[in-house]
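My numbering puts the first residue of the sequence shown at 573, with every later residue one more than the last. Ideal Cβ placement from N, Cα and C applies to all residues, glycine included.
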Amino acid sequence: MKTGKIVEIDASTHQKVQKLLPWMLDDTLSGAERFMVREHLLQCAECRADLDWQRQLQSAQPAMQAEPDVERAFAALSPRLEPRKRAARPRQGVAAWLLGAWHNLRQSQWQSWAMATQCALIVGLGLLVLKSPPDAPAQFHALSAAPSAAESAAAAGNVMVLFKPETPERELRRILQAHGAHIVDGPTVTDAYVLYLPPAGLDAALAALRREAAVALAEPLDGGAGR
573 MKTGKIVEID ASTHQKVQKL LPWMLDDTLS GAERFMVREH LLQCAECRAD
623 LDWQRQLQSA QPAMQAEPDV ERAFAALSPR LEPRKRAARP RQGVAAWLLG
673 AWHNLRQSQW QSWAMATQCA LIVGLGLLVL KSPPDAPAQF HALSAAPSAA
723 ESAAAAGNVM VLFKPETPER ELRRILQAHG AHIVDGPTVT DAYVLYLPPA
773 GLDAALAALR REAAVALAEP LDGGAGR
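Structure follows, in structure tokens:
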């Protein structure tokens with residue numbers, strides 16, 4: 573004669589195991605939780621069936637698709653979104669090279685007369701590059717009035733300043749505010765900036781900038797003032 577044994581299942585444990593089945597399937601449970609689930613599965617046919625169903629469902633799901641390459645998508649759209657910026661990159665690359673040459677020159681041990689000659693050459697080439705028009709820029713027309721000469725000068729900048737690499741941002745902001753300078757472009761990899769200073773008193777402002785300990789170079793971009 574067969575005898576049956578009735579096993580009483582704790583309802584609270586059953587509910588806990590039901591919630592832990594997905595983590596049991598992923599094998600991410602702690603030691604105590606895993607032991608509790610395994611002991612319960614030996615007694616509960618419902619939870620065993622539920623675990624088997626979840627395992628079958630997981631195996632039937634397709635592999636997760638790779639996330640879209642945002643950088644590649646943006647690079648593909650960039651030619652249509654930023655025509656002006658792309659046209660100006662060759663100029664920026666040459667200007668960055670010139671400033672890099674100046675940075676390397678400062679760190680060399682050449683004689684003072686040779687350094688002065690090279691500085692003049694670098695600054696002269698920089699003026700030609702920065703003042704030459706970009707190749708075939710995209711044309712955009714606005715409905716507002718044409719900018720004045722002062723506004724155009726402020727947008728182009730009239731001073732190139734090279735800060736020492738160890739200059740903190742707070743000191744850089746202090747120098748700009750103290751001399752009424754506005755950043756037009758920068759910084760480059762050599763910590764150089766194109767600034768705009770009011771034409772009135774430009775020579776005095778350049779002299780004051782050169783006296784700042786954090787300023788390695790301050791030259792006008794028009795080739796005349798501040799000499």
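8 Å contact criterion, which residue i and residue j should meet: CB distance rounded
i, j, result
"L778", "P792", "6 Å"
"Q590", "D622", "7 Å"
"R620", "L613", "5 Å"
"L734", "H751", "No, L734 and H751 are not in contact; Cβ-Cβ is about 15 Å, not under 8 Å."
"Q615", "P594", "Not confirmed; about 20 Å, so no contact."
"K736", "A786", "5 Å"
The beta strand (DSSP E) enclosing residue i, as first and last residue numbers
i, result
"A788", "V787 to P792"
Cβ neighbour criterion (16 or more within 10 Å) applied to residue i
i, result
"D598", "exposed"
"V761", "exposed"
"H754", "exposed"
"D763", "buried"
"E784", "buried"
"A788", "buried"
"A632", "exposed"
"L781", "buried"
"G729", "buried"
"A790", "buried"
Host alpha helix (DSSP H) of residue i (start-end)
i, result
"L593", "A583 to D598"
Reduced DSSP category for residue i - H, G, I as helix; E, B as strand; rest coil
i, result
"C619", "helix"
"E611", "helix"
"R783", "helix"
"L629", "helix"
In the region 728–779, which residue ranges form an unbroken alpha helix (DSSP H) of at least 4 residues, counting only runs that do not cross its ends?
-> 741–750
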